[in-house]
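Residue numbers (the working numbering): 110 to 397. Using N, Cα and C, we set each Cβ at its ideal position, and we do this for glycine too.
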């Protein structure tokens, strides 16, 4: 890849890695659903403006049910689970568990598609990655970090299903930018009545500026801007280059957590991360 593409890739890893930091800052003054709703609603507005400026137009009516499913799998479920988990564990650890997303995607694709079966090398990579998860969870009890870690794995699994589900939009003639804007718009519509019923925002105390700014950063930086950069890398360097961001996000998130919040990963978490990245390297080698 060219230098500009590496710069874009690292920028994307910082934006997506930063979402774990922004979640923690937002949790200091806002409830879970308010954080998630603010992220998807504001990001939907920003991307809707981007779609309009690009002249691509609104996605056709026939694809909106599929976009709604994509919104659930790629936004509502994982965003909510990660925010819930980060009430118990650090963003650095959550980002490490998020690195299992390609492993789950491989498993889902093996059973749900005819053209992305697991080869022996890919299977070895998946096994190595999940060995890393086991290493991180060793010694945990039900009253400790385990439930939060399982929530992160549930979010990664949801991303895995989203990766396979999202294959249909290219065949339907929907551009990536339209897909991102459409799924965020659908997510906002679906979440709004739940958010109003559960969080009752009219009864909430006025939050401090810090958590509100963190939600704005989640929406504008970690969602809208991140998607725009994602599409730039995809157009310039292709899907293989995009997959490299999975290797970078844990380091970006851990670095930001250490720099801003003083977070540190334990030795077993670092060992687990090494096994996960080793598994991803095997998978990437098999793909190439």
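Measure from the alpha carbon of residue 267 to the alpha carbon of each residue in 191, 223, 243, then state which is nearest. Proximity to residue 267 across 191, 223, 243 peaks at 191, based on C-alpha coordinates.
Kindly indicate which residue of 316, 289, 211 has the alpha-carbon position closest to the one of residue 264. Each of 316, 289, 211 was checked against the Cα of residue 264, and the nearest Cα belongs to 211.
Against chain D, with Cβ distances strictly below 7 Å, would residue 356 count as a contact? Protein chains in the displayed structure number just one, and chain D is not present.
What residue range does the alpha helix (DSSP H) around residue 231 cover? That run of the alpha helix (DSSP H) goes 229 to 246.
Starting from residue 367, follow the alpha helix (DSSP H) in both directions and report where the run begins and ends. For residue 367, no alpha helix (DSSP H) run applies, since DSSP gives it neither H nor E.
With DSSP collapsed to three states, give me the class of residue 209. Annotated three-state conformation of residue 209 is coil, per DSSP.
If we call anything under 7 Å between Cβ atoms a contact, is residue 131 one with residue 327? Contact: yes.
For residue 198, three-class secondary structure by DSSP: For residue 198, the three-state secondary structure derived from DSSP is coil.
Assuming residue 381 contacts residue 244 (C-beta within less than 8 Å), just tell me the rounded distance between them. Correct: roughly 4 Å between the Cβ atoms.
Alpha carbon to alpha carbon, how far is residue 233 from residue 387? Give it in angstroms, no decimals. The alpha-carbon atoms of residue 387 and residue 233 are separated by roughly 10 Å.
Which residue's Cα is closest to the Cα of residue 154: 127, 112, 292? It is 292 whose Cα lies nearest to the Cα of residue 154.
Can you have a look at residue 311 and say buried or exposed, based on whether 16 or more other CB atoms are within 10 angstroms of its CB? With fewer than 16 other Cβ atoms inside 10 Å of its own Cβ, residue 311 counts as exposed.
The alpha helix (DSSP H) enclosing residue 77, as first and last residue numbers: Here the chain comprises residues numbered 110 to 397, so residue 77 is not present and cannot be evaluated.
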